[in-house]
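Following: one structure in structure tokens, then a few remarks.
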Amino acid sequence: MSSGSEEGTGDGTGEAASAAVRNALAVSGCGCLLSPVVLLGAVVVIIIIGGFGVVLAPLIALITAFGGGGGGGGQPSADDLIAVFQGDGKGELDPAAVPADLVAPIQKAGTLCDAIGPTVIAAQIERESNYNRTLVGPDGSQGISQLPPAVFARFGEDEDGNGKTSALDPADSIVAQGRFMCDLAGQAQQLIDSGAANGSVLDLALVGYDQGLDAVRQAQGVPKTNEAQGYVAGVRALLAKYEGLVTPPPTTTSPPAPPPAAATPAPDTQ
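Going left to right, the sequence shown walks through residues 2 to 271 as our numbering numbers them.
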């Protein structure tokens, strides 16, 4: 995405790149069976057509489709994946996609305001900490949602009733994340309404979470940097997973080899 807008570019490059993905999927029949040659060829074609920013949606959709279909038993189409990637992030959370004890706080965090859905919260958690509940970042950010101490002090509350409020408590951290994202979404909407920034509320809020809203104000939208666009794309790329449309390829491990049989002593013939 070159500007953070959900509608893509106006010169047709986004549509052309999306068509390249659909053609690549059609060649192999389904995403999970793409050969490395087809995958590589499609990626090269898409990059040539779209460049960095506008290519992200179809490229991520292609890679995501390579992981296989979701729990419904059928393969999602490239159009379905692209639509989720480019959408508003308000899809329904698949509870099976997150740890069971985190379903409730993620659902709560994703229903605090209309602009931020639970799939966005879950995707951010994976992006920020990969569900490491005790992670402390090099910049001092803490917990599963990697909130800076000053942000958590503002938005954190005792969500699980254990008598303490801690960024290292996943429920406290996740709901604080939701409050922070709602606050960012409200400020992003004000920037859009005043003409100070272009793009979608979700994209601007995501950049605000990662880099601060000053970066949005200075760029008047999503900054055209790999870091900013990569963060937005990285979160959006996970939305289909948390809606249950795709699942990671199953990992198979070979059973351990049986221990060698004990040697049988030769019979005594004497």
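Cβ coordinates follow ideal geometry from the N, Cα and C atoms, glycine included.
Here the region 217 to 227 makes no contact with the region 240 to 249; the two share fewer than three CB pairs at distances below 8 Å. For a cut-off of 8 Å, the C-beta gap from Arg-134 to Leu-94 is around 19 Å, too long to register as a contact. Where Thr-120 is concerned, the enclosing alpha helix (DSSP H) starts and stops at 119 to 130. Judged by beta-carbon spacing, Ala-177 lies within the 8 Å limit of Gly-157, meaning their Cβ atoms are closer than that value. Its Cα nearest to that of Cys-114, the residue Leu-203 stands out among Pro-139, Leu-203, Leu-240. Relative to the Cα of Tyr-232, the nearest Cα in the group Glu-127, Gly-118, Asp-89, Thr-112 belongs to Glu-127. Rounded to the nearest angstrom, the gap between the Cα atoms of Ser-146 and Ser-130 is 7 Å. For Arg-237, the number of other beta carbons within 10 angstroms of its own is at least 16, and it is reported as buried.
Counting only runs of 4 or more residues that sit fully inside the region 179 to 261, the alpha helix (DSSP H) segments are 202 to 212, 214 to 220, 227 to 237, 240 to 243, in chain order. For Ile-117, the closest C-alpha among the options Ser-201, Gly-138, Ser-174, Asp-173 is that of Ser-201.
When rounded, the separation of the alpha-carbon atoms in Ala-124 and Leu-240 is 6 Å. Sequence-distant partners of Lys-109 (beyond 5 residues in either direction) whose C-beta falls short of 6 Å from its own C-beta, in its chain, are Val-176. Of the candidates Arg-155, Met-182, Ala-229, Pro-139, Met-182 places its Cα closest to the Cα of Pro-119.
Cβ contact annotation for Val-137 (same chain, cutoff 6 Å, sequence separation greater than five): Gln-143, in chain order.
Close CB contacts of Ala-206 within its chain, under the 6 Å cut and outside five residues either way in sequence, are with Met-182, Leu-185, Ala-186, Ala-189 (chain order). Val-85: member of the alpha helix (DSSP H) spanning 79 to 86, first to last residue.
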